[in-house]
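Residue numbers (the working numbering): 3 to 318.
Even for Gly, the Cβ is constructed at its ideal location relative to N, Cα and C.
Note that the structure is predicted; figures quoted are calculated from it, not measured.
Working notes, beginning with the structure itself.
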């Protein structure tokens, strides 16, 4: 893949940005106070999560992200703004809301084991006036649009209606959340994982159900396409115009952590579509990139160096 194709492209990202905090350590004993492990901390790391991980992935492959998100008036919000500035992202459209905290997910990791996750967040709907103004001012100047919905209040009917009204022929990809599916009608592609597809249909799905329920979701939401990510089983691409379903097997040799894999998929897929690649080729490349990031612990991103090193290792 020629990553230089991405360098003159820009993608709008609207969604729920957050901090992924990692506390790394080792379990040494069980607490005498309760039957829980005692973790001796050896390191702490912090990175952008949610829509922030989408932004990070786009930036890492050479795309210019054009961003609208909300943070709290706190140190975590300041950290997000500082990080975005370091990526040359225009921060004028980062909404600082004094009434809500910045969303933070803290994961405690021992070895390769995820011990616990602690969430600090608000899910109150963000007032849409500033978001709609951002869409109106910027949509003509981007090549594609990503809606990264983590259910924290950024995505509403008014926001998605404005995107639908103004998008023209621009490719719109949605990483969905259960509560908002009706917001996603008529978009180019939605990328649920297997669990989210099950939640949409309110039942546990067998492997044999995924094709029929995928087509059912497409029909009900009148989507052009659907991409269902299946973890270790790869992904299933539904192309509406071709009436075709394609299984794309995973290329990951080892899966250590699927955190953020969906962000990598939607970022790379949309970037490829912005360059004019066909949908199946875009999905296959996105699958390959996701296979690289899941081999690392924690929220991580794809970039040219990782991709090239992986190819060298694969071919040696």
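Through-space distance from residue j to residue i, alpha-carbon basis
i, j, result
"residue 36", "residue 7", "55 Å"
"residue 205", "residue 194", "15 Å"
"residue 294", "residue 270", "12 Å"
"residue 136", "residue 123", "23 Å"
"residue 22", "residue 218", "34 Å"
"residue 190", "residue 175", "6 Å"
"residue 154", "residue 38", "30 Å"
"residue 100", "residue 173", "34 Å"
"residue 102", "residue 183", "24 Å"
"residue 320", "residue 202", "One cannot answer for residue 320 here, as it falls past the ends of the chain, which runs 3 to 318."
"residue 78", "residue 227", "36 Å"
"residue 143", "residue 13", "9 Å"
"residue 301", "residue 45", "15 Å"
"residue 152", "residue 216", "21 Å"
"residue 26", "residue 114", "10 Å"
"residue 11", "residue 274", "10 Å"
"residue 15", "residue 80", "19 Å"
"residue 125", "residue 265", "20 Å"
"residue 57", "residue 73", "15 Å"
Within 9 Å, strictly: CB atoms of residue i and residue j
i, j, result
"residue 121", "residue 108", "yes"
"residue 225", "residue 267", "no"
"residue 185", "residue 157", "yes"
"residue 305", "residue 63", "yes"
"residue 90", "residue 29", "no"
"residue 209", "residue 247", "no"
"residue 55", "residue 262", "yes"
"residue 59", "residue 230", "no"
"residue 65", "residue 276", "yes"
"residue 118", "residue 127", "no"
"residue 161", "residue 211", "no"
"residue 232", "residue 252", "yes"
Residue i classed as buried or exposed, judged by whether at least 16 other C-beta atoms fall within 10 angstroms
i, result
"residue 284", "buried"
"residue 164", "buried"
"residue 17", "buried"
"residue 289", "buried"
"residue 241", "buried"
"residue 188", "exposed"
"residue 43", "exposed"
"residue 286", "buried"
"residue 133", "buried"
"residue 399", "Only positions 3 to 318 of the chain appear in this structure, which leaves residue 399 out of reach."
"residue 278", "exposed"
"residue 281", "buried"
"residue 238", "buried"
"residue 32", "exposed"
"residue 223", "buried"
Opposing strand residues paired with residue i [DSSP bridges]
i, result
"residue 26", "45, 111"
"residue 8", "Bridge partners of residue 8: none, in fact."
"residue 1", "No answer is possible for residue 1: the residues shown for the chain start at 3 and end at 318."
"residue 70", "16"
"residue 289", "According to DSSP, residue 289 bridges with nothing at all."
"residue 51", "20"
"residue 129", "Paired residues: none, contrary to the question."
"residue 237", "231, 250"
"residue 103", "Answer is none; residue 103 lacks a bridge partner."
"residue 116", "111"
"residue 163", "Note: residue 163 sits in no beta bridge, so no partner."
"residue 141", "Paired residue(s): none; residue 141 is not in a bridge."
Check whether the stretch 80 to 92 touches the stretch 42 to 58, counting contact only when three or more Cβ pairs, one atom from each stretch, lie closer than 8 Å.
yes
Between the stretch 89 to 104 and the stretch 58 to 74, do at least 3 Cβ pairs fall closer than 8 Å?
yes
How about the stretch 161 to 181 and the stretch 135 to 147: do they share at least three Cβ pairs that are nearer than 8 Å?
yes
Taking contact to mean 3 or more Cβ pairs, one atom from each stretch, closer than 8 Å, check whether the stretch 198 to 205 and the stretch 173 to 186 are in contact.
yes
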